[in-house]
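Residue numbers (the numbering used here): 124 to 279.
We put the CB at the ideal spot given by N, CA and C, even for glycine.
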Amino acid sequence: MAGIIFYDIPSSLEPQAWSHNTWRVRYALNIKGIPYQTVWVEYPDIEAVCKKIGASPTGEEAPHYTLPVIKTHRLAPSYLMGPRRDGLGKVDSWFKKSIGPFLTGESVTFADVSVVSCLIWLKVIFGEDSPEWKDIASWHDGRWDGMVNAFAKYQH
Ligand SMILES: N[C@@H](CCC(=O)N[C@@H](CS)C(=O)NCC(=O)O)C(=O)O
């Protein structure tokens, strides 16, 4: 299933979408090639649907609920994490051939920087206390958490 649900307002015309506000987002998603699934919401139902999915009102008076709204799914961790673990397994095999703590030995090289940049990215987007980062930190005998920690002094 697409990771994004896009709430749009239907018409009986062809194409079904009509609102310039929602077209702005539909065009943007299509131009970027981002997959999404449209949920059509009749105009009188906009407020109820927004409240149901936890979307914030766009106007403060009343409050006023409007579309477009997009909602992102949390993708199943196995979908995200399996390929990451496999990819890092390959990197782990390179580390195992090294005679030091870093990829090419005792000193940090740009290869380590590339690896740690991906790791810090995952740690930041998932969150330090997230199940996803805790999972990654447990892989390959804790190598990845160790690498991020080894770079802590450069993390500013
Ligand atoms: N600030 C919003 C406004 C969107 C907006 O006004 N959407 C209209 C449809 S074109 C709407 O949902 N109106 C619902 C209502 O007034 O009850 C944006 O630009 O996305």
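In the structure shown, D258 falls within a helical segment according to DSSP collapsed to helix, strand and coil.
By the criterion of at least three beta-carbon pairs nearer than 8 Å, the region 265-274 is in contact with the region 233-240. A heavy atom of ligand 1 is found nearer than 6 Å to the CB of L190.
In the structure shown, the three-state DSSP call for D252 is coil. Here V247 is exposed, its C-beta having fewer than 16 other C-beta atoms within 10 Å. Excluding its 5 nearest sequence neighbours in each direction, I169 has C-beta neighbours in its own chain below 6 Å: Y188, L190, listed in chain order.
The continuous alpha helix (DSSP H) containing K175 extends over residues 169-176.
Rounded to whole angstroms, the gap between the alpha carbons of Y150 and V162 is 16 Å.
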